[in-house]
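Going by our numbering, the sequence shown opens with residue 6, and the numbers climb by one from there.
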Amino acid sequence: MPDLFALAMPWWEFILRAVVVYAVVLGMVRLSGKRALGQVTPFDVLLIVLLGNAVQNALLGTDTSLAGGLLLAATLILLNYGVGWITARSRRMERLIEGEPVVIARNGKLFDSVLRRELVSRADFEVAMRQQSCIGVEEVELALLETNGHITIIPKRKDD
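Next comes the structure, spelled out in structure tokens:
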């Protein structure tokens, strides 16, 4: 019981480890592309669980104390809040961290090279079209891959 709050390393090392791991994992997630964030599949859940397990030792080192875990949790929550606060107030940081929407179709023309680069399958694009009642790409005025990974379709106006 006395080891419950005894830290195995200095308190500041927990915070430093959390900041470094947070920044590196955020960068890796950002580099993995928007589409990876847009839909949560069983493979994504597995990745999240394994990723959490993979960085656990980098965060905790040899510490198994309650205090160390709570300090890490508080640090990660504060980092996440800080990133949200910064991106809400700085357009430049928002673009850097979250990216920008990408045009994947315009005026009835689908950009296959953009789909490949952004890891969007043709099937995912077709699902988004159907959700907006577009039967074919020729009915699409503009299609965007949003920063959250969702596809927004703006259909062409139908003349009366």
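Note that beta-carbon positions come from the ideal geometry of N, C-alpha and C, so glycine has one too.
- When DSSP states are grouped into helix, strand and coil, T92 belongs to the helix group.
- For P15, the three-state secondary structure derived from DSSP is coil.
- Following the DSSP letters along the chain, one finds E131 inside the alpha helix (DSSP H) bounded by residues 127–136.
- By a beta-carbon distance limit of 8 Å, V26 does not contact A79. Their separation comes to about 15 Å.
- Assignment of beta strand (DSSP E) within the region 57–113, counting only whole runs of 3 or more residues, yields 107–111 in chain order.
- Taking C-beta separations shorter than 8 Å and ignoring five residues to either side along the sequence, the partners of I140 in its chain run M134, following chain order.
- Burial is judged here by how many other beta carbons sit within 10 angstroms of a residue's own beta carbon; G57 has fewer than 16 and is exposed.
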